[in-house]
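Just so we're aligned, residue 0 is where the sequence shown starts under numbering that gives the first Met the number 0, counting upward by one.
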Amino acid sequence: MPACAEICSAATRCALANRCSAITAVAGVVPAPILKGCSQKVPPMSLDLSTSRQPDHPVATQFPMRWSPRSFSDRKLGAGEVLSVLEAARWAPSASNHQPWRFVWALREDGDHAAILGALVPGNQTWAGKAAALIVVASTATVTGKDGAETANKWSAFDAGAAWMSLSLQAQAMGLVSHAMGGFDAVALERAVGLPEGHSLHAVVALGHQGPIAALPEPLQAREAPNSRHPVSETAFRGRF
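Here it is, written out as C-alpha cells:
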C-alpha cells in the first residue's frame, strides 16, 4: 500500500506533496483507486458532481478544482489560518516588485467584521456573513520612483489580482474555500476599513469552510456548482488576434 505522502505526490504534483492533508485539495478529482486504502479521511467535494470542469489540455488539478462556493459552514478560523493565505498572497508575482496589494481582514467574531459585511450589497450579505473571515483586497495606486517622485502604478490592479489567486489556491490547499465579490458599496467599504488616500478597492473575499447547499437561500441553491470556462481556443491566439 503506498504511503499517503506518495499518494499526495501523484495527485497534486505540488510542494504540499509531503502532507497527507493535501489530499483534501484534490478529493473528488483523484480516481477512487488511488485514494483507496489511504489512512487520510477524504471529505466529499461538490466538484465530483460537475461535468463542466474538464480541462482540454493537461493542467494541475488545483486549477479546475478551484471554484467559488457561496455556502459556508459556521466553523471558525484562527488568525494563523488567515495569515497563511495572506502569506501565499505575499509571494505573488509583481511588476518591478512593487507589491502594491493591500489587505484588511476580520474574523466573524471581530468587532470590525460587521462594518465590512455591511458594505456588501444585500445579495452578498445573505451568504457571506456566515464565512469565518472577510478579506478586503485593495492596492496602492502610485509608486515611488528612483527620483522620489510619485507616479501612477498602472499594474497595481493586475498585481492585486495575482495576489488574490495565490490566496485562493492556498485556501484550497488548506481545505478551505474562498469567494471574491465585487458587489459592495465603495464609499461604505472605504469608511469601514479606513482606506488611505492613494489606494483603490478591488474586492472582498469570503473565506472559510464549505457548507451544505441546503443552507443557502433557495434562489442561490441552483447556482451552487462549479461553472464552466470558455475553451482556450476562444481566448488565446498564436501570433495575432
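Just so it is clear, CB atoms sit at the ideal spot from N, CA and C, and this is done for glycine as well.
Taking 6 Å as the limit between beta carbons, can you name the residues of its chain near residue i, skipping five residues before and five after?
i      : result
Ala214 : Ser70
Ala128 : Going by the sequence as given, residue 128 is Gly instead of Ala. Here the set comprises Leu116.
Arg107 : Ala131
Pro32  : Confidence is the limiting factor: at Pro32 the pLDDT is only 30, short of 50, which leaves the residue's position unreliable, though a coordinate-based value still follows. Around Pro32: no qualifying Cβ.
Ala162 : Ala88, Ala91, Trp100
Pro54  : Pro63
For residue i and residue j, what's the separation of their Cα atoms in angstroms?
i      : j      : result
Ala191 : Gly160 : 22 Å
Ala156 : His201 : 8 Å
Ala132 : Val81  : 8 Å
Phe328 : Pro225 : Past the edges of the chain, shown from 0 to 240, lies residue 328, and the structure says nothing about it.
Thr150 : Asn96  : 15 Å
Ser232 : His56  : 11 Å
Pro267 : Ser51  : Any question about residue 267 goes unanswered here, given that the chain covers just 0 to 240.
Leu48  : Glu223 : Unreliable placement is indicated for Leu48, whose pLDDT of 42 sits below 50; the coordinate value is still reported in the next sentence. About 11 Å.
Trp100 : Met164 : 12 Å
Asp146 : Gly238 : 38 Å
Ala179 : Ala114 : 17 Å
Gly193 : Pro121 : 21 Å
Glu217 : Pro68  : 15 Å
Can you pull the DSSP bridge partners for residue i?
i      : result
Thr207 : Reading off the sequence, residue 207 comes out as Gly, not Thr. According to DSSP, which records beta bridges pairwise, Gly207 is partnered with Val176.
Glu149 : Thr143
Can you tell which of the options has its C-alpha closest to the C-alpha of residue i?
i      : options                      : result
Leu119 : Thr141, Gly181, Trp90        : Gly181
Arg74  : Ala130, Ala205, Asp184       : Ala130
Gly117 : Trp100, Val135, Ala172       : Val135
Lys153 : Gly147, Asp146, Ala140       : Ala140
Ser78  : Gly174, Gln53, Ala105, Arg65 : Note that residue 78 is Ala in the sequence shown here, rather than Ser. For Ala78, the nearest C-alpha among the options comes from Ala105.
Val84  : Pro54, Gly147, Gly174        : Gly174
Asp111 : Leu188, Gly122, Met64        : Leu188
Ala137 : Gly197, Gln171, Ser72, Glu86 : Gly197
How close, in whole Å, do the beta carbons of residue i and residue j come, if the pair is a contact with beta carbons under 8 Å?
i      : j      : result
Ala88  : Leu166 : 4 Å
Val176 : Gln124 : Contact flag wrong, Cβ pair sits at about 18 Å.
Leu219 : Trp126 : 7 Å
Note down, in chain order, each residue of its chain lying with its Cβ closer than 7 Å to the Cβ of residue i, except the 5 sequence neighbours on either side.
i      : result
Pro195 : none
Thr143 : Glu149
Asn211 : One point to set straight first is that residue 211 is Pro, not Asn, in the sequence displayed. The residues are Ser70.
Between residue i and chain D, is there a C-beta pair that is closer than 8 Å?
i      : result
Glu149 : No chain D is part of this structure, which consists of one protein chain only.
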